[in-house]
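Sequential numbering of the sequence shown, starting at 16, is according to the numbering used here. Everything below concerns the one structure shown next.
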Amino acid sequence: MQLFTKMMTKTDIEKRLAVPTASLTQLGFVNGQKDHFVDLLVKDSAQRVWRFRCSTRLRGNHPKPYLSSGWLDFVQTKGLEINDKVHFYKEEDEASGAQYRIEVERNVFPLLGQAIWVDLEQVHG
16 MQLFTKMMTK TDIEKRLAVP TASLTQLGFV NGQKDHFVDL LVKDSAQRVW
66 RFRCSTRLRG NHPKPYLSSG WLDFVQTKGL EINDKVHFYK EEDEASGAQY
116 RIEVERNVFP LLGQAIWVDL EQVHG
């Protein structure tokens with residue numbers, strides 16, 4: 016099940032990935048939860064499993080979730096750029112223990128005015 020798709024911004028590349036609040040429940044947050052974070056095991060297109068920490072603000076009425084720990088390693092390893100597109104899915108993989116899947120696409124070139132998106136693994140492959 017797809018949780019969200021997001022175009023990468025400068026903040027997403029340099030600091031943290033902002034996550035839509037509507038995804039909180041599917042990311043393992045429950046009402047009344049004392050911890051302001053959950054650790055996620057996420058499998059990428061190359062079958063590598065990453066550990067991302069999804070945190071929420073400690074103060075205020077709006078949680079504003081974001082991926083922090085592990086995210087910048089992923090960005091650097093994959094060579095993510097501003098305007099790359101990230102797809103995040105809830106998908107259990109018993110073999111690896113991952114609970115989620117992430118795909119990254121890059122618009123490699125426009126063709127007749129249409130965007131051509133390619134999985135980042137194919138661009139770097």
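Each residue gets a CB set at the ideal place from its N, CA and C atoms; glycine is no exception.
Residue environment, residue i, which counts as buried when at least 16 other CB atoms sit within 10 Å
{"i": "residue 114", "result": "buried"}
{"i": "residue 50", "result": "exposed"}
{"i": "residue 71", "result": "buried"}
{"i": "residue 57", "result": "buried"}
{"i": "residue 65", "result": "buried"}
{"i": "residue 120", "result": "buried"}
{"i": "residue 117", "result": "buried"}
{"i": "residue 67", "result": "buried"}
{"i": "residue 25", "result": "exposed"}
For residue i, the three-state DSSP class (helix, strand or coil)
{"i": "residue 30", "result": "coil"}
{"i": "residue 38", "result": "helix"}
{"i": "residue 105", "result": "strand"}
{"i": "residue 129", "result": "strand"}
{"i": "residue 88", "result": "helix"}
{"i": "residue 79", "result": "coil"}
Bridge partner(s) assigned by DSSP for residue i
{"i": "residue 134", "result": "120"}
{"i": "residue 20", "result": "102"}
{"i": "residue 95", "result": "Bridge partners of residue 95: none, in fact."}
{"i": "residue 52", "result": "70"}
{"i": "residue 58", "result": "64, 116"}
Legend entry - Given 8 Å, three or more beta-carbon pairs between the stretch 35-42 and the stretch 84-91: no
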